[in-house]
Amino acid sequence: MVRRLGLLLLGAGAAEALRLTLFDMPVSNNGARARYIIQKKALDSNDVEVVSPMELGGLRSDEYLAKNPQGKMPLLSVDDSTFIYESDAIARFLLAEFRDRGEAFVCDDPLICAKSDLLVRLHDGYIQPIQGCMYKALPPFGTFGTRSLALDDIRKQLKILCDAAESNRVGDGPYILGTDKPTLADATIIPTLVFTSFMLPRHWG
């Protein structure tokens, strides 16, 4: 068993053709990070089959927890004994595995990659842990014991993230950093901005 930055790999199987299955649902902005890459890379079900966690009995089933003990989406099955969880680890794996497929992502400019990684860390460190305040029934939401405090902070963190994205732009391209090609920051942030722009005004004013 090898554990590395939230990546769980069981078994070898490296020489065999990969049989990728992504366990995810459309409501997951974290899973959408992987789905964004799948779309940009023009991958189909022969490359990555996307199925519901209910195929394994749901997130809390013994079968699912054996593959991802956190019991969360998304989960990537590489083969019968190799599983990757945590959306950032899955996204980086897909970008590396399919680097020559579909649309190219910026991955060779150290400064742009650092700027992209900064935005990803702001998202994963400060927004993702408390986003449950928009849809979960009861606290805690991250370190916050009340919904109102968590909602105030998620609005604050969204502004910090958007300001950082604006100040780190490197050009006038269509993507978050002003690049002509997407970065991992696009795959990470765009789904969350879509999600929060719907959830916050609709349910929390």
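Numbers -17 to -1, 1 to 188, taken from mature numbering (1 follows the signal peptide of the UniProt record, and there is no 0), label the letters of the sequence shown in order. Glycine is no exception: its CB is placed at the ideal position from the N, C-alpha and C atoms. No experiment lies behind these values; they were computed from the predicted model shown.
Leaving out five residues on either side along the sequence, give the residues of the same chain with a beta carbon under 7 angstroms from the beta carbon of residue i.
{"i": "D71", "result": "V103 and D107"}
{"i": "L48", "result": "G54"}
{"i": "T129", "result": "P122"}
Among the candidates the options, whose CA atom is the shortest distance from the CA of residue i?
{"i": "P143", "options": "D62, S64, F127 and I110", "result": "Reading the sequence as shown, one finds Ile at residue 143 and not Pro. Considering only alpha carbons, the answer is I110."}
{"i": "L183", "options": "I67, D135, E69 and F76", "result": "D135"}
{"i": "V89", "options": "M8, D169 and T175", "result": "D169"}
{"i": "V10", "options": "V31, K55, S28 and K23", "result": "K55"}
{"i": "D27", "options": "K139, P52, P93 and G85", "result": "G85"}
{"i": "L160", "options": "D92, L132 and R130", "result": "D92"}
{"i": "L39", "options": "L5, G14 and D30", "result": "L5"}
{"i": "A79", "options": "T166, L176 and P174", "result": "T166"}
{"i": "S64", "options": "L141, C145, L3 and K139", "result": "L3"}
{"i": "I113", "options": "S99, P36 and R138", "result": "R138"}
{"i": "K98", "options": "T179, N151 and D62", "result": "N151"}
Which residue or residues does DSSP assign as beta-bridge partners of residue i?
{"i": "E38", "result": "Per DSSP, none; premise fails for E38."}
In chain order, what residues of the same chain lie with their CB nearer than 8 angstroms to the CB of residue i, ignoring the 5 residues before and after it?
{"i": "T162", "result": "V89, I95, V153, G154 and G156"}
{"i": "F181", "result": "none"}
Give the range of the beta strand (DSSP E) segment to which residue i is assigned.
{"i": "T4", "result": "L3 to F6"}
Can you give me the Cβ contacts of residue i inside the same chain, cut-off strictly under 6 angstroms, excluding the 5 residues immediately before and after it?
{"i": "W187", "result": "L134"}
{"i": "F81", "result": "K24"}
>> Three Cβ pairs or more, each shorter than 8 angstroms: is that satisfied between the segment 156 to 173 and the segment 18 to 31?
In response: yes
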